[in-house]
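Participant: The opening residue of the sequence shown carries number 1 in UniProt numbering; numbering runs sequentially from there. Encoded as structure tokens, here's the structure I'll be asking about.
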Amino acid sequence: MKQRLHVVVTTIIRRNVYYGAARNLSSCGHPKPLSHAYSTARKTLRTSSLVTKSACASAAILAGTIAFCLINAPIAHAEVPISHTPERRKIRLAEVQKHGRDAETKWVTRGARVYDITDWIPGHPGGEVILRAVGGPVDQYWSIFTVHMKQEVYDILESYYIGDIDPGDLVDGQVPVEDLHDPFENDPRRDKRLHVHTSRPCNAETPTEGLGAFVTPNDIFYVRNHMWVPSTSESDHKIVVELPDGEEKEYSLKDLKDNFESTTVTATLQCSGNRRKNMTRESRSTKGLQWNVGGISTSEWTGVRLRDVLADAGFPVDEYPDEVRHAQFMGAEAYGASIPIDKAVDRRGDVLLAYEMNGKPLPPDHGYPLRVLVPGTVAARSVKWVNRIVLSEDESSSEWQQRDYKCFGPNVGGNPDWSTAPAIQEIPVQSAITSLRDLSPHSQADRQYLRLHGLEEDSVAVEGYSFSGGGRRIVRVDVSADNGRTWHQAELLSDKGKGAKAWAWTRWRWVVPRQQAGRWFVVKAVDEAYNTQPSDYDSNYNFRGHLTSSWHRVGYRPPDV
Ligand code: HEM
Ligand SMILES: Nc1nc2c(c(=O)[nH]1)N[C@H]1C(S)=C(S)[C@@H](COP(=O)(O)O)O[C@H]1N2
Ligand SMILES: [Mo]
Numbered sequence: 001m002k003q004r005l006h007v008v009v010t011t012i013i014r015r016n017v018y019y020g021a022a023r024n025l026s027s028c029g030h031p032k033p034l035s036h037a038y039s040t041a042r043k044t045l046r047t048s049s050l051v052t053k054s055a056c057a058s059a060a061i062l063a064g065t066i067a068f069c070l071i072n073a074p075i076a077h078a079e080v081p082i083s084h085t086p087e088r089r090k091i092r093l094a095e096v097q098k099h100g101r102d103a104e105t106k107w108v109t110r111g112a113r114v115y116d117i118t119d120w121i122p123g124h125p126g127g128e129v130i131l132r133a134v135g136g137p138v139d140q141y142w143s144i145f146t147v148h149m150k151q152e153v154y155d156i157l158e159s160y161y162i163g164d165i166d167p168g169d170l171v172d173g174q175v176p177v178e179d180l181h182d183p184f185e186n187d188p189r190r191d192k193r194l195h196v197h198t199s200r201p202c203n204a205e206t207p208t209e210g211l212g213a214f215v216t217p218n219d220i221f222y223v224r225n226h227m228w229v230p231s232t233s234e235s236d237h238k239i240v241v242e243l244p245d246g247e248e249k250e251y252s253l254k255d256l257k258d259n260f261e262s263t264t265v266t267a268t269l270q271c272s273g274n275r276r277k278n279m280t281r282e283s284r285s286t287k288g289l290q291w292n293v294g295g296i297s298t299s300e301w302t303g304v305r306l307r308d309v310l311a312d313a314g315f316p317v318d319e320y321p322d323e324v325r326h327a328q329f330m331g332a333e334a335y336g337a338s339i340p341i342d343k344a345v346d347r348r349g350d351v352l353l354a355y356e357m358n359g360k361p362l363p364p365d366h367g368y369p370l371r372v373l374v375p376g377t378v379a380a381r382s383v384k385w386v387n388r389i390v391l392s393e394d395e396s397s398s399e400w401q402q403r404d405y406k407c408f409g410p411n412v413g414g415n416p417d418w419s420t421a422p423a424i425q426e427i428p429v430q431s432a433i434t435s436l437r438d439l440s441p442h443s444q445a446d447r448q449y450l451r452l453h454g455l456e457e458d459s460v461a462v463e464g465y466s467f468s469g470g471g472r473r474i475v476r477v478d479v480s481a482d483n484g485r486t487w488h489q490a491e492l493l494s495d496k497g498k499g500a501k502a503w504a505w506t507r508w509r510w511v512v513p514r515q516q517a518g519r520w521f522v523v524k525a526v527d528e529a530y531n532t533q534p535s536d537y538d539s540n541y542n543f544r545g546h547l548t549s550s551w552h553r554v555g556y557r558p559p560d561v
């Protein structure tokens, strides 16, 4: 209840103090209106959150009430005389460009209008990433960060209006394409074998050949980017650890490599959207990228233990106060997420600040030069290009922690109360068929393979992966050649991964005489807690298609003979 209250009140504060109070101040002609209100409200919240929950709630109620009064009070300055509003002046694009990152006053454009957002920047809820847009248009960024596409945000921007772009600089009323800064300019070239869903930002599946190997080759490891690949380098990259009392400690990559023991962990990462396409096909439409079975890959990750770094930064990793509950991670391009503190400091949790994949520096798409690796947890928490860690009572405030990567009941529509479901962390047991292959005793290679399995007739070789969250081992994989009427146990391959628990997938295979093969092959796995996968999709449906893990079915047609 208190938690609910906290969230509700926080929302009131955001809405009213941030927007309302700020807007009122701005209409009085206050010089530092919005960012001021924003930062004050955010600081109050942050500090109060570490006192006690009830104190926080009262502080929040008070602030919310003040804000409510403010927003509902008659606005004394509502009728600002026309002469007080800034002149509508014509501004050349070349002049806008001079007000970039290094300029004293920073401008942006939206459509054909120009804004001086200098005062807004320090309080921007999305942080410093806003600087990417200054000196040019925000339009292309806002179409990536769609959280801006609403009246409240347009109103904030309008309060910084200073003039219009000179029509001579526009083509069809728009800023010409060559003057738009390309957010994706730093994205790398990618392997052609990846199955691409979107390229800007890049979202691409591991092809079948990658799903067949225990360790996925780096260049065909699936890619899931919400935005662009930020430009970072090993020599410049820094990571800041912020302790609960606000104290900060900074590390360069060299500091990490020189001063901490390096560790290697074999871990599978699975996107919570893996197999979403299966849910859409077998139940109904889901919102999100339609991943098939390739939103999952495995690597040998090398890095330093997060636990060791937190201890070095002064955090008592074995005996910390109950109020510290989450480790938040920020990525250099603005992505963010958090994990429970217990996982972050668990001796056997193997959470790493990783700088290598399969013995090579992380590729740009996978977080170069540094990413978090949270084994056994949904991949959305393994933040790439990580540059800040905050230990806090609260989860990350990012939309990927608060308003996405959560599951709801099959009946819940597309506009849920996000605060009512927990953020996905450990993931459920999963398995999929990645290949069906006909074997014939007439082929010499097949004949040898068949003999290994005690068979001499035409057969089908079935292969795939199985995996469970939390380091839970796979203990059994059940397979069926007749759509689940009769079952057999697949052979589990005994690949050895590194790490304290079973963080990597278990590959399996099965060879079955073709005579027994019906229309559908099916697989389901069982983990060491005897968790297993749901048989149907309807009962497990959620509108975002997260954590699709129902029995995987693949159609089969015998070859024409
Ligand atoms: C130029 C004027 C801008 C204004 C007035 C503005 C305003 C805002 C506001 C009000 C929010 C909070 C929205 C909410 O939570 O409901 C927000 C969030 C955010 N903004 Fe901006 N923004 C601007 C530019 C940008 C640009 C150019 C970028 C990226 C290049 C950006 C990135 C973000 C991100 C990543 C978040 C949200 C992060 C999260 O949910 O954790 N913003 N912005
Ligand atoms: N900084 C950052 N970290 C991120 C993401 C991102 O977009 N930006 N995507 C997350 C999601 S949803 C997934 S599934 C994994 C994908 O990691 P990969 O691209 O290395 O496979 O990264 C996670 N970490
Ligand atoms: Mo993901």
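Think of the CB as a built atom: it goes at the ideal place given N, C-alpha and C, for glycine as much as any other residue.
Which residues count as close to ligand 3 when the rule is a CB under 6 angstroms from any of its heavy atoms, in chain order?
Facilitator: The filter returns Arg224, Cys271, Ser272, Gly273, Ala379, Ala380, in chain order.
Participant: In terms of alpha-carbon separation, which member of Val378, Thr264, Glu250, Pro534 lies closest to Arg224?
Facilitator: Here residue 224 refers to the residue found at position 224 of the sequence shown. Answer by Cα proximity: Val378.
Participant: Quick one: what's Asn203 bridged to in DSSP?
Facilitator: The residue given as residue 203 occupies position 203 in the sequence shown. Per DSSP, Thr198, Arg224.
Participant: Is the CB-CB distance between Pro201 and Ile220 below 7 angstroms?
Facilitator: Position 201 of the sequence shown holds residue 201. Position 220 of the sequence shown holds residue 220. No, Cβ-Cβ distance for Pro201 and Ile220 is not below 7 angstroms.
Participant: With 16 as the cutoff for other CB atoms within 10 Å, does His488 come out buried or exposed?
Facilitator: Indexing the sequence shown from 1 puts residue 488 at position 488. Exposed: under 16 other Cβ atoms inside 10 Å.
Participant: Straight-line CA distance for Asp458 to Trp505?
Facilitator: Within the sequence shown, numbered from 1, the residue matching residue 458 stands at position 458. Within the sequence shown, numbered from 1, the residue matching residue 505 stands at position 505. Roughly 29 angstroms separates the two Cα atoms.
Participant: By DSSP, does Trp107 sit in helix, in strand, or in coil?
Facilitator: Here the question's residue 107 lines up with position 107 in the sequence shown. Trp107: strand per DSSP, three-state reduction.
Participant: Do Ser297 and Thr216 come within 7 angstroms of each other at the CB atom, strictly closer than that value?
Facilitator: Position 216 of the sequence shown, counting from 1, holds the residue named residue 216. Position 297 of the sequence shown, counting from 1, holds the residue named residue 297. Contact flag set, yes.
Participant: Report the option in Leu253, Gly295, Gly246 whose CA atom is closest to the CA atom of Thr268.
Facilitator: Locating residue 268 in the sequence shown gives position 268, where the first residue counts as 1. Taking only the C-alpha atoms, the option nearest Thr268 is Gly295.
Participant: For ligand 1, is there a heavy atom less than 6 angstroms away from the beta-carbon of Ser398?
Facilitator: For the purposes of this step, residue 398 is identified with residue 398 of the sequence shown, where counting begins at 1. At least one heavy atom of ligand 1 is nearer than 6 angstroms to the Cβ of Ser398, so yes.
Participant: Check the DSSP bridge columns for Glu426 and list the partner residues they point to.
Facilitator: As a first step, residue 426 is located in the sequence shown; it is residue number 426 there, counting from the start. Looking at the DSSP assignment, Glu426 forms a beta bridge with Thr377.
Participant: State whether the region 527–540 contacts the region 492–501, with contact taken as three or more CB pairs (one from each stretch) at a distance under 8 angstroms.
Facilitator: Because the criterion of three Cβ pairs below 8 angstroms is not met, the region 527–540 and the region 492–501 do not touch.
Participant: State the Cα-Cα distance for the pair Gly413 and Thr105, rounded to the nearest angstrom.
Facilitator: Within the sequence shown, residue 413 is the residue found at index 413, counting from 1. Within the sequence shown, residue 105 is the residue found at index 105, counting from 1. Approximately 44 angstroms, taken between the alpha carbons.
Participant: Cβ-heavy atom distance between Ile165 and ligand 1 below 6 angstroms?
Facilitator: As a position in the sequence shown, residue 165 is number 165, starting the count at 1. No, the Cβ of Ile165 stays beyond 6 angstroms of every heavy atom of ligand 1.
Participant: How long is the line joining the alpha carbons of Gln444 and Leu450, rounded to whole angstroms?
Facilitator: As a first step, residue 444 must be located in the sequence shown, where it is residue number 444. As a first step, residue 450 must be located in the sequence shown, where it is residue number 450. When rounded, the distance between both Cα atoms is 10 angstroms.
Participant: Can you tell which of Val129, Pro422, Trp400, Val386 has the C-alpha that lies nearest to the C-alpha of Ser233?
Facilitator: Numbered from 1 along the sequence shown, position 233 holds the residue referred to as residue 233. Ranking Val129, Pro422, Trp400, Val386 by Cα distance to Ser233 puts Val386 first.
Participant: Tell me the DSSP secondary structure of Tyr141 in three-state form.
Facilitator: To locate residue 141, count along the sequence shown from 1; it is residue 141. Looking at Tyr141 - three-state DSSP - the assignment turns out to be helix.
Participant: Would you grab the beta carbon distance between residue 590 and Glu242 for me? Rounded to a whole angstrom, and I think it's under 8 angstroms.
Facilitator: Because residue 590 is not part of the residues shown, which for the chain are 1 to 561, the question remains open.
Participant: DSSP on Val554, reduced to helix/strand/coil?
Facilitator: Reading the sequence shown from its first residue, position 554 is the one you call residue 554. In this structure, Val554 counts as strand in the three-state DSSP scheme.
Participant: Does the beta-carbon of Ser272 have 16 or more other beta-carbons within 10 angstroms, so that it is buried, or is it exposed?
Facilitator: Your numbering for residue 272 matches position 272 in the sequence shown. Classification of Ser272: buried, given that the 10 Å Cβ count is 16 or more.
Participant: Would you mind reading off the limits of the beta strand (DSSP E) that contains Ala445?
Facilitator: Looking up residue 445 in the sequence shown gives position 445. Ala445 -> not in any beta strand (DSSP E); alpha helix (DSSP H) instead, spanning 444–452.
Participant: Could you tell me whether the Cβ atoms of Gly469 and Gly288 are closer together than 7 angstroms?
Facilitator: Mapped onto the sequence shown, residue 469 falls at position 469. Mapped onto the sequence shown, residue 288 falls at position 288. The answer is no: Cβ separation not under 7 angstroms.
Participant: What does a CB cutoff of less than 6 angstroms around residue 562 pick up in its chain, not counting 5 residues either side in sequence?
Facilitator: Since the first and last residues shown for the chain are 1 and 561, residue 562 lies out of range.
Participant: Run through the DSSP bridge pairs and tell me what His326 is partnered with.
Facilitator: Taking the first residue of the sequence shown as 1, we reach residue 326 at position 326. BP columns for His326 point to Pro340, Ser392.
Participant: In three-state terms, what does DSSP make of Asp255?
Facilitator: For the purposes of this step, residue 255 is taken as residue 255 along the sequence shown, with counting starting at 1. The answer is helix: DSSP assigns Asp255 an H, G or I state.
Participant: When DSSP builds the beta bridges, which residues end up paired with Ile239?
Facilitator: Position 239 of the sequence shown holds residue 239. BP columns for Ile239 point to Tyr251.
Participant: Please state the DSSP three-state secondary structure of Tyr541.
Facilitator: Translated into the one-based positions of the sequence shown, residue 541 becomes position 541. Reduced to three states, the DSSP call for Tyr541 is coil.
Participant: In chain order, what residues of the same chain lie with their CB nearer than 8 angstroms to the CB of Pro441, ignoring the 5 residues before and after it?
Facilitator: Walking along the sequence shown from the start, residue 441 turns up at place 441. Same-chain partners within the cutoff: Arg447, Leu450, Glu456, Glu457, Asp458.
Participant: Below 8 angstroms on the Cβ atoms is my guess for Ser382 versus Leu391; work out the distance and round it to an integer in Å.
Facilitator: Residue numbering aside, residue 382 sits at position 382 when the sequence shown is read from its first letter. Residue numbering aside, residue 391 sits at position 391 when the sequence shown is read from its first letter. That belief does not hold up - the Cβ atoms of Ser382 and Leu391 are roughly 18 angstroms apart, past 8 angstroms.
Participant: Tell me which same chain residues have a C-beta within less than 6 angstroms of the C-beta of residue 562, skipping the five on either side of it?
Facilitator: The shown model of the chain, from 1 to 561, leaves out residue 562, and the question about it has no answer.
Participant: Within a Cβ cutoff of 7 angstroms, which residues of the same chain sit near Phe315, ignoring the five residues on either side of it in sequence?
Facilitator: Numbered from 1 along the sequence shown, position 315 holds the residue referred to as residue 315. So the qualifying residues of the chain are Leu243, Leu391.
Participant: Just to check my reading of the structure: Leu253 and Arg305 have Cβ atoms closer than 8 angstroms, yes? What is that Cβ distance to the nearest angstrom?
Facilitator: For the purposes of this step, residue 253 is taken as the residue at position 253 of the sequence shown. For the purposes of this step, residue 305 is taken as the residue at position 305 of the sequence shown. With a Cβ gap of about 15 angstroms, Leu253 and Arg305 do not count as contacting.
Participant: Would you say Ile296 touches ligand 1, meaning its beta carbon is less than 6 angstroms from a heavy atom?
Facilitator: Taking the first residue of the sequence shown as 1, we reach residue 296 at position 296. Answer for Ile296: no, Cβ out of range of ligand 1.
Participant: Excluding the 5 residues flanking Thr263 on each side, which residues of the same chain have their C-beta closer than 8 angstroms to its C-beta?
Facilitator: As a position in the sequence shown, residue 263 is number 263, starting the count at 1. These residues qualify, in order along the chain: Thr302, Gly303, Val304, Arg305, Asp350, Leu352.
Participant: Is it right to say Tyr154 is buried, meaning 16 or more other beta carbons lie within 10 angstroms of its own, or is it exposed?
Facilitator: Here residue 154 refers to the residue found at position 154 of the sequence shown. Flag for Tyr154 reads exposed.
Participant: Leaving out the 5 sequence neighbours to the left and right, which residues in its chain are closer than 8 angstroms to Val317 when beta-carbon positions are compared?
Facilitator: For the purposes of this step, residue 317 is taken as the residue at position 317 of the sequence shown. Taken in chain order, the residues that qualify are Arg307, Leu310, Ala311, Val345.
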